[in-house]
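Enquirer: Chains as they are written, first to last, in the working numbering: chain E, 1 to 337; chain P, 338 to 561.
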Amino acid sequence: MKFNKKICLGIESTAHTFGVGIVDFEGNVHSLVNDVFIPEKGGLHPALVREHHLNNFMTTVHKAISGARCKIKEIDLIAFSQSPGLGPVLRIGALVARMLSQLLNIPIVAVNHCIAHIEIGRLLCKLKDPLTLYVSGGNTIISAFESSRYQIFGETLDIPVGNMIDMFARDAGIPHPGGPKIEILAAKSEKYVSLPYVVKGMDLSFSGLYTAAKKLIQSEQLGSSYTINDIAYSLQETAFSMLTEVTERALAHTEKKEVLLTGGVAANKRLQEMIQSISNEHHARFEVVPLRYAGDNGAMIGWAGVLRYKSEGEQTILKTTIKPKERMDRISIPWRI
Amino acid sequence: MDNNIIKEKLIHTGAEAKLIYGKWFNKEVIFKHRIPKNYRIIEIDRQIRTIRTLNEARTLIKVKNFGVNVPQVYDIDTFNSIIIMKFINGEKLKNVLNAVDHDKKKRIFRNIGKAIAKLHQNGHIHGDITTSNIIITSGEEIFLIDFGLHETSDTIEDKSVDLHLFKRVLISSHGKDFRFCFDKFLEGYRSVYEVDRLNECETIIQNISIIETRGRYVKKEDRL
């Protein structure tokens, strides 16, 4: 198929997902292929994730290109995730992007992963200026656009909420990914076991909550005083109440009229319900990014790349070094003034 | 009996509480009502509202003894999470800051510094020092309000975090004047610490810049 619009190939490689997506310059997604590394046991070891991505990237790129029914030479722009993420893993995405760009002589742009999440959400949910709650295994951020940046109003001080749930699931003997299974267990209970609730100003801390929940499942009282379902329920209720409280405070402060929920944890129905409730109270429109696009994927990287390319043009190879620890509030957003 | 307690009008709705002006045995008062949130389960909701109400009321009563201006607490209703406290007739600092002259600003921030230092010396952390949580009366008296996030602590770290949060607020909402205001604030803060505790005071202030470089994703070369 011949494209009458310019197209961009986006490469996502910050953690367990190696994703390639093809989007055109007007925001239509033509293909989205994800290759997810699933550990046999334990969490994500950067070296193992890197090996996995390195061995499989070409298949993913091919699938995405044939899925969009185009040829690789028809691509007009390459975008890749530059920050933040696991260093060794980011490097694979950067390597593939730079290779394709130089080999085929296609312009390249580097993209911040968190900004890409917000931008694909704005595009698909048709929002202008939302307050975003971005919750996943790697990030927990409450952000809104103010004085030409995506400012961070609140964030986790230690572990991200998705990571906390996954770690708890592993301790409870539930294999990866734990989040959806914890949600099912939680739905079976209505018995609350008290757990630490830690909100510091606009920031959150989940490590104490994790330790307390872990102690509960290791205790001898498991099965007699409470069940695993009760702990899953209490864990979710506590963590999500914390997230909702901070989001509400940010909403009252920024007075935004739209709320966007994104990231892997956005799939949780209970969290959606809570954020919906405070959005209604503050007369704000609430949207959840469709599941396929809420998790890590290449299409969001492609779209964020298109936005930057349209306002700033291509980048030199020297500008495309990876930045594993870059904060999104340090990055200029020229397409939104 | 009930005629002695009159709720007159809602003056502010925050994310957490409603402030209602009224009369309590002929005294002008504020009813601070922490409202139930129906997004969270009743167990968590009740626990949070009760703990924060009790904590705030206790703190208001305690810190008065250190010579810090705070509203007098008249009554507490823990079941409904309401604190009845004296109505302070004044303006939020946030609303008047842009209109005050240089000299007055200097005096105000020095006095805020003194008030916070008195809290810190006695092991109290306000937890949410912002320009909306400081009231200025017509007689230029400073009142600290909203102790909902208060903590009892005597560590350098917690005190520095308290100052750091105030600095962040000044930067984000009063950018151009921030240097001057924060310097005067620190001047007042230092002046309360006596000679034998000056070292502690300097450590707290120096620790602010260490905290600033500690955030998530701050580059290695920017860390101290």
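All C-beta atoms in this analysis are idealised placements derived from N, C-alpha and C, irrespective of residue type, glycine included.
Bear in mind the structure is a predicted one, so any value in this text is a computation, not a measurement.
(1) Buried or exposed: which applies to glycine 450/P, given that a residue is buried once 16 or more other Cβ atoms fall within 10 Å of its Cβ?
(2) Is it right to say leucine 318/E is buried, meaning 16 or more other beta carbons lie within 10 angstroms of its own, or is it exposed?
(3) Cβ closer than 9 angstroms: which chain E residues qualify as neighbours of glutamate 494/P?
(4) Identify whether lysine 557/P lies in helix, strand or coil by the three-state DSSP scheme.
(5) When Cβ atoms are compared, which residues of the stretch 240 to 256 of chain E fall closer than 7 angstroms to chain P?
(6) From what residue to what residue does the alpha helix (DSSP H) around asparagine 417/P run?
(7) What residues of chain P sit near methionine 274/E, judged by a beta carbon separation below 8 angstroms?
(8) Please classify threonine 211/E: is it buried, with 16 or more other beta-carbons within 10 angstroms of its beta-carbon, or exposed?
(9) How big is the Cα-Cα spacing for methionine 274/E and leucine 507/P?
(10) Measuring only the C-alpha atoms, how far is serine 83/E from lysine 325/E?
(11) Which of the three DSSP states, helix, strand or coil, is assigned to alanine 30/E?
(12) Glycine 351/P touches chain E at which residues, Cβ-Cβ below 8 angstroms?
(13) Can you check whether the C-beta of glutamate 380/P is within less than 8 angstroms of a C-beta belonging to chain E?
(14) Which class does glutamine 409/P belong to by DSSP, given the choice of helix, strand or coil?
(15) Which residue wins for smallest C-alpha separation from histidine 176/E, given the options Phe25/E, Asn112/E, Phe37/E?
(16) Let me know the secondary structure DSSP gives lysine 71/E once reduced to three states.
(17) Tell me the DSSP secondary structure of phenylalanine 206/E in three-state form.
(18) Between threonine 396/P and isoleucine 301/E, what straight-line distance do the alpha-carbon atoms span, to the nearest angstrom?
(19) Contact between the stretch 224 to 231 of chain E and the stretch 270 to 286 of chain E is defined here as three or more beta-carbon pairs at a separation below 8 angstroms; is this criterion met?
(20) So the candidates are Ile65/E, Asp166/E, Leu9/E; which of them puts its Cα closest to the Cα of proline 39/E?
(21) Since lysine 429/P sits in a beta bridge, which residues does DSSP pair it with?
(22) Okay, do the stretch 350 to 359 of chain P and the stretch 398 to 413 of chain P touch, 3+ Cβ pairs below 8 angstroms being the bar?
(23) Check for me: the alpha helix (DSSP H) holding lysine 529/P runs from which residue to which?
(24) Report the neighbours of tyrosine 192/E on chain P: residues whose CB is nearer than 8 angstroms to its CB, in chain order.
(25) Below 8 angstroms on the Cβ atoms is my contact criterion, and I expect threonine 60/E with aspartate 35/E to pass it. Report the Cβ-Cβ distance as a whole number of Å.
(26) What number of angstroms, rounded off, separates the C-alpha of isoleucine 118/E from the C-alpha of glycine 295/E?
(27) Which residues in chain P have a C-beta closer than 8 angstroms to the C-beta of glycine 201/E? List them in chain order.
(28) I'd like to know whether the C-beta of leucine 561/P is nearer than 8 angstroms to at least one C-beta of chain E.
(29) Rank Lys71/E, Lys128/E, Glu12/E by C-alpha distance to the C-alpha of leucine 32/E and give the top, closest one.
Expert: So, from the data block:
(1) buried
(2) Exposed is the call here.
(3) What glutamate 494/P touches in chain E: nothing, since even the nearest Cβ is about 12 angstroms away.
(4) In this prediction, lysine 557/P has a pLDDT of 48, which is less than 50 and means its spatial position is unreliable; nothing more can be read from the coordinates.
(5) Ser241, Thr244, Glu248, Arg249, Ala252
(6) Segment: none, asparagine 417/P is in no alpha helix (DSSP H) and carries neither H nor E.
(7) Tyr376, Arg377
(8) Flag for threonine 211/E reads exposed.
(9) 32 angstroms
(10) Rounded to whole angstroms, serine 83/E to lysine 325/E spans 7 angstroms at the Cα level.
(11) A quick correction: the sequence has histidine, not alanine, at residue 30/E. In this structure, DSSP gives histidine 30/E an extended state, which the three-state scheme calls strand.
(12) The contacting residues are Ala252.
(13) With 8 angstroms as the cut-off, glutamate 380/P counts as an interface residue toward chain E.
(14) In this structure, glutamine 409/P counts as coil in the three-state DSSP scheme.
(15) Phe37/E
(16) Correct three-state label for lysine 71/E: coil.
(17) coil
(18) 49 angstroms
(19) no
(20) Asp166/E
(21) Ile472/P
(22) no
(23) A small fix is needed here, since residue 529/P is valine in this sequence, not lysine. It spans 515 to 529 - the alpha helix (DSSP H) in which valine 529/P sits, taken as one unbroken run.
(24) Under the 8 angstroms cutoff, chain P gives Ile378, Glu380, Ile381.
(25) About 5 angstroms; that satisfies the 8 angstroms criterion.
(26) 12 angstroms
(27) Gly464, Asp465, Leu486, Leu502
(28) Residue confidence for leucine 561/P is low, a pLDDT of 40 falling below 50, so the modelled location carries little weight; the figure read from the coordinates is stated next. At least 8 angstroms separates the CB of leucine 561/P from every CB of chain E.
(29) Glu12/E
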